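In this note's numbering, the protein residues as written are 248 to 556.
We put the CB at the ideal spot given by N, CA and C, even for glycine.
Source: prediction; values computed, not measured.
Structure first, commentary second.
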């Protein structure tokens, strides 16, 4: 668990980390651009990204084909195009979330609903586990909830391979998050929520390991993390779905929903299926903003053919 920024170590300035520092410098420059101009620039970057053939485009196309069979070929291609363009905005939103000033965040248009559900959990003396999905703007949504919604929030994250980038981004997140936990710090997460803390967790990625079950996601058997069930059971926290989307005219809608009833239950697979149903419903509200470039179905049940070949 990390709760305070750590000092810079000289070894992180070595030449093998220079590409990371250059990338961080570019993100910092992006974060200085006013919000609406930044979104226009992000849309332009996304247009370029959508023109580049590659594996991510193939992955997104396959995911969309299988998850939206009711769409015709032209509709799926439009959704794919919109989704790939969204990747450019995602880069801009990462920059703003990680490196934007408090003044810049205060100027972002945002509408927040459902804060009363968090207040109810606090009044009951319980912690909160916000459960959401990997939309392109998830980092910015988290910061907006903290700084504009007044919800102190910790997060779980996957460590970056470059130590310099990892140091800088963890430090940036801790400017607004109360703590950051890696996937190896489950006990610390549980203690945090037992003490009344609020944790944001998105369990919708295919992570190889033993703590997974196959349950439907868009009607497809998907390897699904059981952590939501275990975190809720061990901590006694309320599980509150957290939806967010970018609005067509600019700005964001953040929606905290009522806590899931009778969660966790006795059946892990049933609980995981419930979480997938919640996430699928969210994705259907803003399908072009979901991270379709992720190989959500890379792990297959025994005897099933590869999803992406």
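What residue range does the beta strand (DSSP E) around residue 445 cover? 445 to 448
Whole runs of the beta strand (DSSP E) within the segment 317 to 367, excluding any shorter than 3 residues: 357 to 360
Taking the alpha carbon of residue 477 as the reference point, which residue from 488, 468, 459, 464 has its own alpha carbon closest? Looking at the Cα atoms, 459 is the closest of the given residues.
Close-in-space but distant-in-sequence residues of the same chain around residue 296 (CB under 8 Å, 5 per side omitted): Excluding positions up to five away in sequence, the list reads 331, 332, 334, 335.
Just grab the DSSP bridge partners of residue 491 for me. 501
Buried or exposed for residue 536, please, with buried defined as at least 16 other CB atoms from any protein chain shown within 10 angstroms of its CB. buried
Could you pull out every residue in the same chain whose Cβ sits closer than 7 Å to the Cβ of residue 399, ignoring the five residues on either side in sequence? 393, 425, 445
Leaving out five residues before and five after residue 526 in sequence, what residues of the same chain have Cβ atoms less than 7 Å from its Cβ? 380, 451
Nearest CA to the CA of residue 422: which residue from 464, 348, 407, 377? 348
Three-state secondary structure assigned by DSSP to residue 454: Of the three classes helix, strand and coil, the one that applies to residue 454 here is coil, per DSSP.
Would you list the residues sitting across from residue 544 in a DSSP beta bridge? Bridge partners of residue 544: none, in fact.
Terminal residues of the beta strand (DSSP E) in which residue 306 lies: Note, residue 306: premise wrong, no beta strand (DSSP E); alpha helix (DSSP H) at 302 to 314.
Can you name the start and end residues of the beta strand (DSSP E) that residue 274 belongs to? Residue 274 -> not in any beta strand (DSSP E); alpha helix (DSSP H) instead, spanning 265 to 278.
Would residue 555 and residue 543 be called neighbours here (beta carbons separated by less than 8 Å)? no
Residue of 516, 437, 382 minimising C-alpha distance to residue 500: 382
Give me, in chain order, the residues of the same chain whose beta-carbon lies closer than 6 Å to that of residue 548; leave out the 5 immediate sequence neighbours on both sides. Counting only Cβ-Cβ distances below 6 Å, and skipping sequence neighbours, we find 461, 468.
How many Å lie between residue 326 and residue 442 at the Cα? 43 Å
Backbone CA spacing between residue 351 and residue 341 [nearest angstrom]: 13 Å
How is the beta strand (DSSP E) around residue 464 delimited, first residue to last? 459 to 464
In terms of DSSP beta bridges, what is residue 485 paired with? According to DSSP, residue 485 bridges with 375.
If you compare alpha carbons, which of 457, 339, 373 is closest to residue 281? 339
Rounded straight-line distance, which links the Cα of residue 448 to that of residue 489: A direct Cα-to-Cα measurement between residue 489 and residue 448 gives close to 9 Å.
Length of the line joining the Cα atoms of residue 417 and residue 385: 15 Å
Using a Cβ-Cβ cutoff of less than 7 Å, which residues in the same chain neighbour residue 522 once the five nearest sequence positions on both sides are dropped? Excluding the 5 residues flanking it on each side, residue 522 has same chain C-beta neighbours closer than 7 Å at 378, 450, 475, in chain order.
Any idea which residues DSSP pairs residue 537 with across the strands? In the DSSP secondary-structure assignment, residue 537 is bridged to 382.
Would you check if the distance between the CB atom of residue 479 and the CB atom of residue 375 is smaller than 8 Å? no
DSSP state of residue 412 mapped onto helix, strand, coil: helix
Which whole-angstrom value describes the C-beta separation of residue 411 and residue 268, a residue pair presumed to lie in contact below a C-beta threshold of 8 Å? Between residue 268 and residue 411 the Cβ distance is about 6 Å, and since that is below 8 Å, they are a contact.
According to DSSP, is residue 468 helix, strand or coil? Correct three-state label for residue 468: strand.
How would you call residue 482, buried or exposed, if buried means at least 16 neighbouring beta carbons within 10 angstroms? buried
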